[in-house]
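Numbering (the working numbering), first residue to last: 3 to 345.
We put the beta carbon where it would ideally sit given N, CA and C, even for glycine.
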Ligand code: SF4
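In structure tokens:
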């Protein structure tokens with residue numbers, strides 16, 4: 003099976019005890035069945051401690067480890083994992099072995115990204131001004147037949163990336179064309195859904211559309227209020243959003259902001275294969291990119307991106323709430339987005 007990754011993945015190394023925002027602090031540790039059974043089966047002192055820390059999580063339909071003072075109960079005084087030290091990396095729960103990797107299985111191929119909520123991955127994403135690229139490799143595992151939309155969505159997404167990375171134009175103009183292509187592509191998918199055919203029109207979709215008079219307001223400050231209305235993972239997030247709403251947006255390095263936009267597009271666009279909501283994923287990409295720029299005026303781009311990724315990318319319900327708001331809330335119409343991008 004083909005595996006696609008971000009071009010900096012091989013350079014990733016966990017900061018472990020030196021991490022300033024460890025994923026072992028403040029994050030729920032949900033256990034996979036194999037490791038939960040392993041911890042319950044043994045009679046070692048570590049097994050007994052694990053069994054005592056395990057609580058059944060109805061929402062996740064799985065056991066998780068009860069945090070102590072907001073920390074994983076196996077995180078020692080040096081911020082290192084006791085399970086890892088005693089039994090090796092494979093003894094840690096699957097979620098710990100895979101974090102910060104997000105993997106999407108599309109049957110015929112897989113795509114992996116490193117979460118920008120992880121400081122080490124975040125530093126790699128923002129540590130270069132080169133256009134963000136991808137690597138492909140073979141896993142040796144058998145693939146399955148993919149969704150029939152994928153042969154059309156993949157070249158369409160390559161075109162979206164090319165638009166975002168066309169540095170001959172200002173980033174806002176690129177984001178506008180990106181959004182219009184998503185709007186046009188969305189209607190091709192809707193036709194394909196209705197008629198039961200292939201979305202061949204994605205291969206030739208034109209990059210222009212007639213939009214009437216644009217509204218006077220853009221998507222801010224409503225976009226910050228929307229983010230603040232989602233489930234909060236870190237308690238000071240609403241205050242950071244409030245502060246971002248009170249300061250002027252400070253222009254950021256466009257090359258870095260472009261990498262942020264391509265990262266969010268890579269993470270989101272192809273998921274429309276499941277529900278046809280291509281426009282929603284385009285709006286999601288633009289909102290998060292522009293929100294990163296605004297929040298960066300308070301705390302810098304790296305921290306803004308880390309917080310956005312933590313709050314939105316690591317909470318599926320929050321991501322879905324954004325897509326739902328784009329469908330229902332007039333504050334997030336395409337016209338409001340275009341007004342925001344045109345200034
Ligand atoms: S957040 Fe990233 S760098 Fe920090 S401990 Fe977790 S995986 Fe390692």
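Let me check you understand the geometry: is the CB of residue i closer than 7 Å to at least one non-hydrogen atom of the ligand SF4?
| i | result |
| --- | --- |
| residue 5 | no |
| residue 74 | no |
| residue 208 | no |
| residue 307 | no |
| residue 86 | no |
| residue 120 | yes |
| residue 17 | yes |
| residue 47 | no |
| residue 157 | no |
| residue 304 | no |
| residue 316 | no |
| residue 102 | yes |
| residue 311 | no |
| residue 274 | no |
| residue 23 | yes |
| residue 301 | no |
| residue 184 | no |
| residue 112 | no |
Between the C-alpha atoms of residue i and residue j, what's the straight-line distance to the nearest angstrom?
| i | j | result |
| --- | --- | --- |
| residue 224 | residue 312 | 20 Å |
| residue 261 | residue 148 | 28 Å |
| residue 346 | residue 255 | In this structure the chain extends from 3 to 345, so residue 346 is not present and cannot be described. |
| residue 122 | residue 310 | 16 Å |
| residue 7 | residue 137 | 5 Å |
| residue 152 | residue 107 | 12 Å |
| residue 169 | residue 99 | 37 Å |
| residue 216 | residue 333 | 12 Å |
| residue 91 | residue 285 | 39 Å |
| residue 40 | residue 185 | 49 Å |
| residue 22 | residue 292 | 25 Å |
| residue 287 | residue 46 | 48 Å |
| residue 12 | residue 113 | 15 Å |
| residue 102 | residue 15 | 10 Å |
| residue 125 | residue 18 | 15 Å |
| residue 207 | residue 183 | 7 Å |
| residue 150 | residue 36 | 34 Å |
| residue 302 | residue 226 | 16 Å |
| residue 105 | residue 242 | 29 Å |
| residue 162 | residue 272 | 11 Å |
| residue 111 | residue 173 | 30 Å |
| residue 197 | residue 190 | 11 Å |
If residue i and residue j are in contact, beta carbons under 8 Å, what's the gap, nearest whole angstrom?
| i | j | result |
| --- | --- | --- |
| residue 115 | residue 268 | 6 Å |
| residue 342 | residue 222 | 7 Å |
| residue 194 | residue 200 | 6 Å |
| residue 38 | residue 65 | 5 Å |
| residue 315 | residue 119 | 7 Å |
| residue 166 | residue 264 | 5 Å |
| residue 9 | residue 134 | 7 Å |
| residue 67 | residue 75 | 6 Å |
| residue 252 | residue 175 | Between residue 175 and residue 252 the Cβ distance is about 20 Å, and since that is not below 8 Å, they are no contact. |
| residue 143 | residue 109 | Going by Cβ atoms, the distance from residue 143 to residue 109 rounds to 12 Å, so no, they are not a contact pair. |
| residue 32 | residue 62 | 5 Å |
In the DSSP assignment, find the alpha helix (DSSP H) that holds residue i and state where it starts and stops.
| i | result |
| --- | --- |
| residue 205 | That residue, residue 205, is in no alpha helix (DSSP H); it is neither H nor E in DSSP. |
| residue 36 | 35-43 |
| residue 189 | 173-197 |
| residue 159 | 152-166 |
| residue 137 | No alpha helix (DSSP H) holds residue 137; the beta strand (DSSP E) holding it covers 136-140. |
| residue 251 | Taken as a continuous stretch (DSSP letters only), residue 251 belongs to no alpha helix (DSSP H), as it is neither H nor E. |
| residue 297 | 280-301 |
Assuming residue i is part of the beta strand (DSSP E), what are its boundary residues?
| i | result |
| --- | --- |
| residue 110 | Here residue 110 belongs to no beta strand (DSSP E), and DSSP marks it neither H nor E. |
| residue 64 | 64-67 |
| residue 241 | It is not in any beta strand (DSSP E) - residue 241 instead sits in the alpha helix (DSSP H) that spans 239-246. |
| residue 57 | 56-59 |
| residue 8 | 4-8 |
| residue 236 | Premise fails: residue 236 is in no beta strand (DSSP E) and is neither H nor E. |
Residues in the same chain with beta-carbon distance under 7 Å from residue i, minus the five sequence neighbours each way, listed in chain order, please.
| i | result |
| --- | --- |
| residue 233 | 317, 319, 320 |
| residue 28 | 72, 236 |
| residue 220 | 338, 341, 342 |
| residue 290 | 266, 310, 314 |
| residue 258 | 128, 131, 303 |
| residue 279 | 325 |
Using a Cβ-Cβ cut-off of 8 Å (strictly less than) and excluding sequence neighbours within five positions of residue i, which residues of its own chain qualify?
| i | result |
| --- | --- |
| residue 205 | 154, 157, 158 |
| residue 218 | 341 |
| residue 34 | 64, 95, 96, 97 |
| residue 53 | 41, 42 |
For residue i, I'd like the list of residues in its chain whose CB is within less than 6 Å of its CB, leaving aside the five on either flank, ordered along the chain.
| i | result |
| --- | --- |
| residue 323 | 232 |
| residue 141 | 3, 5 |
| residue 297 | 246, 306 |
| residue 230 | 240, 243 |
| residue 85 | 76, 93, 94 |
Is residue i near the ligand GDP, judged by its Cβ being under 7 Å from some heavy atom?
| i | result |
| --- | --- |
| residue 83 | Only the ligand SF4 can be found as ligands here, which leaves the ligand GDP out of the picture. |
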